[in-house]
Amino acid sequence: AEVEVAVLALDVTAPATIAAALAEIDRQAGGVDLLVNNAGIGLGGFFEDVSDAELREIFATNFFAAAAMTRAVLPGMRARRWGRIINVSSINGRVAVPGLSAYNATKFALEGLSAALRLELKPFNIFVSIVAPGTYKTDIFTRNRRVAARAGAADSPYAAASARYREVIERHLAESRADPRDVARLIARIAAADRPGLRYQVGTDARTMAALEKLLPAALLEALLERAFAPALDALRPRQG
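Position 222, counted from 1, in the sequence shown is what this note's numbering calls 237; the numbers after and before it change by one each time, with no gaps.
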């Protein structure tokens, strides 16, 4: 079936455009009943190579923009006593990996906010849900790919590790057969549910990692992650002479 969609310009990091877009939505549709916070950017690089400016930029999009959009729609949802807020996180908001520390931090923050908001807003019949995808071949790995400016620089103590890390990621992407449309289908199901849950994983790798994080002792999970990223982490260890 065909669906007519109106598209509005919106920069989620600019409060003025948020206000203008929501005012237009109020005029055309009478308010927002469903908010999907899907805007996000990645940032590769070991933490010491990530600048303050880069860290603030990724938090501005991945966390503070979602917070601002949520705050903007809540008065209308509360007044109508109905709403659905779906925050697109990542399995890396539950299981942190090396080489993506800044990205991990934004998603852990988003998940913490989402879990607290769910408890605060259920009395108003507003349900907050988290969608945590695994690895999908989207623009975040291609034209929107971002790497810390110092990552791989000759003066970085992580230069060799960063190069090997990219090889690990490229191999993982090449092996992935996951369809990004699965994420959209899951979001649609959550939006239509009477009482949606808090956390949803999508993708075989996401479901596997969530299960391992829940079932395994922390030390064993850490060992598995070290093994998975061994090509990069081994480059940081001192050479035996």
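Just so it is clear, CB atoms sit at the ideal spot from N, CA and C, and this is done for glycine as well. Every value quoted in this text rests on a predicted model; they were computed, and no experiment measured them.
Which residue from the options puts its Cα closest to that of residue i?
{"i": "F78", "options": "V88, D64, V103", "result": "V103"}
{"i": "G57", "options": "T150, K229, A203", "result": "T150"}
{"i": "V20", "options": "Q43, A34, G55", "result": "Q43"}
{"i": "P172", "options": "D64, D220, S116", "result": "D64"}
{"i": "D220", "options": "R252, R86, L240", "result": "L240"}
{"i": "A29", "options": "E39, A81, D67, P253", "result": "A81"}
{"i": "A75", "options": "V110, A117, S105", "result": "A117"}
{"i": "L136", "options": "P113, P148, L89, D170", "result": "L89"}
{"i": "V162", "options": "P253, A31, A208, G60", "result": "G60"}
{"i": "G114", "options": "E39, R179, K229", "result": "R179"}
{"i": "A238", "options": "V110, T85, R99, A36", "result": "V110"}
{"i": "S191", "options": "G218, T223, A169", "result": "G218"}
{"i": "A247", "options": "G98, I33, R165, V112", "result": "V112"}
{"i": "L188", "options": "D67, K152, R242, L49", "result": "K152"}
{"i": "A34", "options": "M84, D67, L49", "result": "M84"}
Rounding to the nearest angstrom, what Cα-Cα distance links residue i and residue j in this structure?
{"i": "A234", "j": "I73", "result": "29 Å"}
{"i": "V47", "j": "A206", "result": "13 Å"}
{"i": "R252", "j": "A245", "result": "10 Å"}
{"i": "R200", "j": "I106", "result": "18 Å"}
{"i": "R71", "j": "A87", "result": "21 Å"}
{"i": "E228", "j": "I184", "result": "21 Å"}
{"i": "P148", "j": "V198", "result": "7 Å"}
{"i": "A31", "j": "G91", "result": "18 Å"}
{"i": "D154", "j": "R181", "result": "16 Å"}
{"i": "E17", "j": "P195", "result": "21 Å"}
{"i": "R204", "j": "L25", "result": "25 Å"}
{"i": "P232", "j": "V22", "result": "47 Å"}
{"i": "G45", "j": "R165", "result": "47 Å"}
{"i": "M224", "j": "S66", "result": "29 Å"}
{"i": "D41", "j": "L49", "result": "13 Å"}
Which same chain residues, not among the five before or five after residue i, have their C-beta less than 6 Å away from its C-beta?
{"i": "R93", "result": "F139"}
{"i": "G208", "result": "It should be pointed out that residue 208 corresponds to Ala in this sequence rather than to Gly. Excluding residues within five positions, none has a Cβ falling inside 6 Å."}
For residue i, count the other beta carbons within 10 Å of its own beta carbon; 16 or more makes it buried, fewer makes it exposed. Which is it?
{"i": "K122", "result": "buried"}
{"i": "G108", "result": "buried"}
{"i": "A286", "result": "Nothing can be reported for residue 286: it is not among the residues displayed for the chain, which extend from 16 to 256."}
{"i": "V27", "result": "buried"}
{"i": "E126", "result": "buried"}
{"i": "R96", "result": "exposed"}
{"i": "E69", "result": "buried"}
{"i": "A226", "result": "exposed"}
{"i": "R99", "result": "buried"}
{"i": "A38", "result": "exposed"}
{"i": "A193", "result": "buried"}
Near residue i, which residues of its chain fall below 8 Å by C-beta distance, leaving aside the five closest residues on each side in sequence?
{"i": "L213", "result": "S129, A130, R133, V143, S144, I145"}
{"i": "R210", "result": "F142"}
Spatial neighbours of residue i within its chain, please: C-beta separation below 7 Å, excluding the five flanking residues on both sides.
{"i": "I202", "result": "V51, I101, V146"}
{"i": "A175", "result": "A250"}
{"i": "A262", "result": "No answer is possible for residue 262: the residues shown for the chain start at 16 and end at 256."}
{"i": "G167", "result": "A174, S177, A178"}
{"i": "L230", "result": "none"}
{"i": "R222", "result": "Q216"}
Do residue i and the ligand SAH come close, with the Cβ less than 8 Å from some heavy atom?
{"i": "A175", "result": "Of the ligands one can find in the structure shown there are none, so the ligand SAH has no counterpart to examine."}
Using 9 Å as the limit for Cβ to Cβ distance, is residue i near chain B?
{"i": "Y215", "result": "Absent from the structure: chain B. Only one protein chain is present."}
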